[in-house]
Each structure stands twice: as C-alpha cells, then as structure tokens.
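Below, the structure written as structure tokens:
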C-alpha cells in the first residue's frame, strides 16, 4: 500500500512541476544559481584535502574535530568513536565514494575506517532532512570522497608523483605516503596512493605512556577515470584499509603495558561510479555500485579452559544508487532508487577445544538485510523562498537467521526565506525510519535468537533557525552568523552492542542548539561554533527515565588562520567543554548521577612552501599544547569516578615533509 502512496506522491510532484515548467525559461544545470550557502554549509560541507594536509590529519578524529555538533572520542585509531547530535554514528549513514559502510564489528572499537591521506573532500549532513542521504538516517550522514587523478595532474602533465613523510610524538606515529598519477591519453587517467603508518608508545596528557595500542596502518587507493566523451565519465576504484598489531582488543579502554595478541581491522571497498551528463537540462544521471567488506581478525589464543583458532568477524555490504537530476524551470528535481544488502558471519580455522576435550564449532552465518529505496527531492527557488520537498520509501527485509519486513514512507522538507538582504529564516523537517540493524558481529553465536517483537526505529526531526550575513556590517570579504535549534524523537531505539536479538531498548528524545560564526578578511579567517545537546531516554523494559550519554554537553570550537607570509600560513584552534553531570541507567544499578570534568585543548599548525624549494611543503604543528589530561564526554569512562578512563592523547608534536615530482 505504501509503495502505491510513494508512487502517487512522486507522480503528483512531477505533474505539478511539469505544469509550472511550461511557463518558465529553461536553464542548464550548470547555470542554476539557487542560493544555498548557510553558516552551517561554511563549516561542515567543505573539508578539503588541503585543509587536512595543513593540519597533518592522520585519523578520523583529525578529519572531523572541527565540525560543529560532532565529537570524536578515543585515542588510538581503532578506538575512535564518532557522535553527532547526541547519538553515535550507528544512527548515521556513512559512505566512501558512495559505498555504504555499515554494521558494528566490536563494541570497544570504532567502525569509521578512514585514512585522511586518501581523501579529496569530506561532508557532513546534520539531521535526516534530505531524501538524498540514503536509508536509515537518524542524526546525520558522513560522506567521504577519495582523490581523483585530476586532483594531482597539471594541464598537459602526463605523469607525476608525490611523497610525504611525517612524525607525531603523541603516538610515536611514523607515516609515509606515496602517490603516483598519470594521463594515458585524453580519455584515461589514473592515480595510485599507498600509506604506511606505524604507531608506537601512546602518550596521554601528563606524560603517562602505554604500549598496548601499538599498531600499523596500511592503506591504499587505486583509481582509473575514463572520460569516454564529453558526456560520459566512469570511475573504477579499489580502497583498502588495514589497521593491525599485537595490541589490546578493546581499543576504547585505557591502555596498559601488557603483552597482547594480534588483531586487525580491515576494509576492502570496490566501486564503479558512472555519470552521464549530456547537454540536456532534463538529464544528469549518476550511478554507483559497490562491494564493501569490513572485518576483524583475531589470532589463535589460549585461555584457562579452552583454546581457540584464528577467527574472522565480517560485515559485508553491497548495493547501488541510481539517480537523475532534471531542471524544469525553477525546479531542480532529483529522483532515483537505491539498494543495500548487508550480511555478517564468523569464520574460524578450526574448533574451540576445551580442556575437557569437548569441541565447539565457531563458524556462524548471521543475519542479512535487504533495503530497497525510492526517493525524490525537488529544490525550487520561489523569489525569496528556497523550498526543498522530498520523500523516500524504504522496504526493509531481514534474512539469514532473522525474519521480518518493515516499510515506511518518509517525507522531508527544508525551507529558507530571505527576509532581508542579510537575514534568512530557516526550518526543516525529516521523518525518521531505520529498519532493524544487525547486531554486533563479535557477539554472534550459534545460539543467537531473534526477539519476538523486533521493531523499526521511527521518529521525527524538527529544526528552526536563521542566518545573518555580516559581510557588509563587519566590512569583511565574507562573514555569516547562524543559529539553529532541533528536536528529534526515536521510538524503539535500538543499539547493536550485545544486541543480537535485535530487541528495542528505549524511546529517546534529543534536543539541542547550534551557533556558528564565520569571518574572512584579506589573509585572515575565523570559524567559531557552539553546540549543546540534551535529551531524555526511557527504558522500554522498566519504564525508567534517564539521560542519554550525550545529555548536558556544551561544545565550543574556535579556529583561526592567517597567511603570515607568501610562503607561510599559520592556524590556531581550540576546543572547550565545561564540566557537567548526567544520570546514567543500568538494569543492575538503577539510575546513578555521574560527573564529567571540563577541559580545554589548544592546537597550532604551520604550513611553509619555500619559493627556493619548488614543489616542497613543510608542515609543523603541536596538538594539545598544554598537555591536558582529559576524557571526551562521550568517551569510555568519562565519569570522574571511573578507574578505567580512556584519556585522549597528550601533547602531540607533528612534523611533515611533502615533495611533488
């Protein structure tokens, strides 16, 4: 029934648009000038590779730390977890070149396996207000795009390369990256990038050191771009990420000096992207198909009562997205379909053998998900009003060891009204639908059973705010101030950790506010933001009400940059989080109030490109200058009474040398 509704809505929208288009002058897609820049866009939708290189970004925390309403906890790469608008990234859609990265391998490690050295641009979409962001979005979307050959090649250049060497003292991190790129002819280009990064002793604030998180990252990208003609472009790519070592399995927990067994987290991603863009305002086709594997490997181990062989815990995602964008008068319409298949499994090289002689087969085929989606979004410029209407229909089907189907039509809306030349009012709405997600793969076993009442997560997101252009007022090249308040609710909220029964755990309501300010004048730039998150959560089993983990958190961020000389650029950034309390609930202890201590960190970075050394770049920086010992408020053991606190890295002196040939 809902599929029919979705088709009807789409048909009505297209019919209405077509009628209006008859009396409107056609405009080519490239010539559309719909004003969409906001204070939020200025800080969350344009994190470029140049910015990451200037800050010597070497993990996902470095990539995302400047973004408002985003907090990254943890120290080592595999320990880092991302929170946005009060919930972590298991409530987000994450893509690398359009390939969806899904599932949870292990609850004491993160799942965003991202190497900044491969990235071209990073974008974050806050909230579930766009029909184009994919399925299952509750709090936002993370979009990572890797580098193309054209990002390196100069006009008429046939072949080139770039070598980068770096060191960071806080992790004893030694990094080397080599990129080669070329143009075979006027139709075919290629790029290959390889990075090796070794982490040694981890040093937290105050000077304490740990050896249990030593690891080695090996990552790479191979991409071929084929421009068959002016209208057709094909991109073929393979991206690998492997972070491994003799290290503690629970990267999220506090480090030790104990000897540890080998484990690794690996991602293999294959992509085919196609774009057809003829000289026709009705046609701009983009298609993407992908295959993605992310897996945790543990070597053979011996315990007190049994021995286990080498095991591999794997999440596999494959799918496609097919969309077209058409211009019809004042309307920019994007419509399409997507499909995602997810599955999980545990494979072992043998049996678990107990000291009693009993054996146990550890191989398990787990759950599967098939999600099919239809979507449409119409962005229209109506004089002073920019109105975006959209909807997506999802059909979510469980398989493997699970069973059930869930379907929903989700309307979306964004509106911006230019009240004066400076002041724009904004509002947004997004219906939330996320079908039951697969549970944590490490906890998957042959005894896993499905809950009798598996439910989809359903809710609504509301936003209201404004942007004020301060360019003329402050005599700036560009300046804008933005404010936004939001509130969203999620019924039947479910989290994958230790939840292989797929049971619903709570009803949650999150609300918050975001303030952003940007200023640019000559050689100086400033970004500042404040975000606040609060909410309430109700346990479905007991009816107890308590605070979500991200409740009562204020997050202040400031970033300054200045072109000191033609050859020298400097930047300073700081983050301040006041102390707070929150009420945590567990079925064993009930509701307990905990305190989190406040903290502030300060970073400086410099980029030097000497004219006397062409194609050479020196980067120098110091993170956490004052060696503050702190735990992110979303981090493991954030409460001040905890004896197992995952402190962030201390003072981190960074140096990097790059040479292009």
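In this note's numbering, the protein residues as written are 8 to 668.
For glycine and all other residues, C-beta sits at the position ideal for the given N, C-alpha and C.
A quick note: this is a predicted structure, and the numbers were derived from the prediction, not measured.
{"Item": "Close beta carbons around residue 583, own chain, < 7 Å, minus the five adjacent residues each side", "Value": "563, 607"}
{"Item": "Residue 656 versus residue 121 - alpha carbon distance", "Value": "19 Å"}
{"Item": "Residue interval of the alpha helix (DSSP H) (run including residue 71)", "Value": "67-71"}
{"Item": "Residue 51 versus residue 493 - alpha carbon distance", "Value": "17 Å"}
{"Item": "Exposure label - residue 157; buried when at least 16 CB within 10 Å", "Value": "exposed"}
{"Item": "Proximity of residue 186 and residue 213 at Cβ, strictly below 8 Å", "Value": "no"}
{"Item": "Span of the beta strand (DSSP E), counted from its first residue to its last, around residue 619", "Value": "Unbroken run through residue 619: none, as it is neither H nor E."}
{"Item": "Residue 653 classed as buried or exposed, judged by whether at least 16 other C-beta atoms fall within 10 angstroms", "Value": "buried"}
{"Item": "DSSP-derived helix/strand/coil call for residue 234", "Value": "strand"}
{"Item": "Cα-Cα separation between residue 11 and residue 397, rounded to whole angstroms", "Value": "Unreliable positioning characterises residue 11 in this predicted model, as indicated by a pLDDT of 41, which lies under 50. A coordinate reading is not provided."}
{"Item": "Beta-carbon proximity of residue 125 to residue 243, cut-off 8 Å", "Value": "no"}
{"Item": "Coil, strand or helix - residue 47 by DSSP", "Value": "helix"}
{"Item": "Selected residue, minimal CA-CA separation from residue 190, among 155, 201, 224, 221", "Value": "155"}
{"Item": "Nearest to residue 553 (by Cα), restricted to the options 535, 567, 596", "Value": "596"}
{"Item": "Alpha carbon of residue 202 to alpha carbon of residue 106, nearest angstrom", "Value": "21 Å"}
{"Item": "Among 428, 261, 463, nearest to residue 438 - alpha-carbon criterion", "Value": "463"}
{"Item": "Contacting residues, own chain, Cβ-Cβ under 7 Å from residue 15 (five flanking each side not counted)", "Value": "Residue confidence is low: residue 15 scores 38 on pLDDT, short of 50, so the model does not pin down where it sits. Its coordinate-derived value is still stated next. Answer for residue 15: no residue qualifies."}
{"Item": "Assigned secondary structure, residue 555 (DSSP; H/G/I helix, E/B strand, else coil)", "Value": "coil"}
{"Item": "Residue 225, DSSP secondary structure in three states", "Value": "strand"}
{"Item": "Spatially closest choice to residue 99 from 141, 82, 62, 64, by CA coordinates", "Value": "141"}
{"Item": "Residue span of the alpha helix (DSSP H) that contains residue 56, given as start and end", "Value": "56-61"}
{"Item": "Rounded straight-line distance, which links the Cα of residue 219 to that of residue 6", "Value": "Nothing can be reported for residue 6, as the shown portion of the chain is limited to 8 through 668."}
{"Item": "Buried or exposed (CB count within 10 angstroms, at least 16 for buried), residue 113", "Value": "buried"}
{"Item": "Buried versus exposed call for residue 665 [16 or more other C-beta atoms within 10 Å across all chains shown]", "Value": "buried"}
{"Item": "The stretch 270-281 contacting the stretch 299-306, beta-carbon criterion three pairs below 8 Å", "Value": "yes"}
{"Item": "Option nearest residue 459 by Cα separation, candidates 471, 568, 450, 410", "Value": "410"}
{"Item": "Cβ shell of residue 87 (< 6 Å), same chain only, five flanking positions each side left out", "Value": "67, 68, 79, 81, 117"}
{"Item": "Pairwise C-alpha distance: residue 254 and residue 61", "Value": "30 Å"}
{"Item": "Short Cβ contact (8 Å threshold) for residue 276 with residue 109", "Value": "no"}
{"Item": "Residue nearest to residue 671 in terms of C-alpha spacing, selected from 551, 537, 536", "Value": "Past the boundaries of the shown model lies residue 671; the chain is included only from 8 to 668, so the question cannot be answered."}
{"Item": "Residue 140 CB to nearest heavy atom of the ligand FMN below 7 Å", "Value": "Ligands displayed in this structure: none; no statement on the ligand FMN is therefore possible."}
{"Item": "Host beta strand (DSSP E) of residue 2 (start-end)", "Value": "Residue numbering for the chain in the displayed model covers 8 to 668; residue 2 lies beyond these limits and cannot be assessed."}
{"Item": "C-beta contact flag for residue 207 and residue 221 at 8 Å", "Value": "yes"}
{"Item": "Sequence-distant residues of its chain with Cβ nearer than 6 Å to residue 658 (five each side left out)", "Value": "631, 634"}
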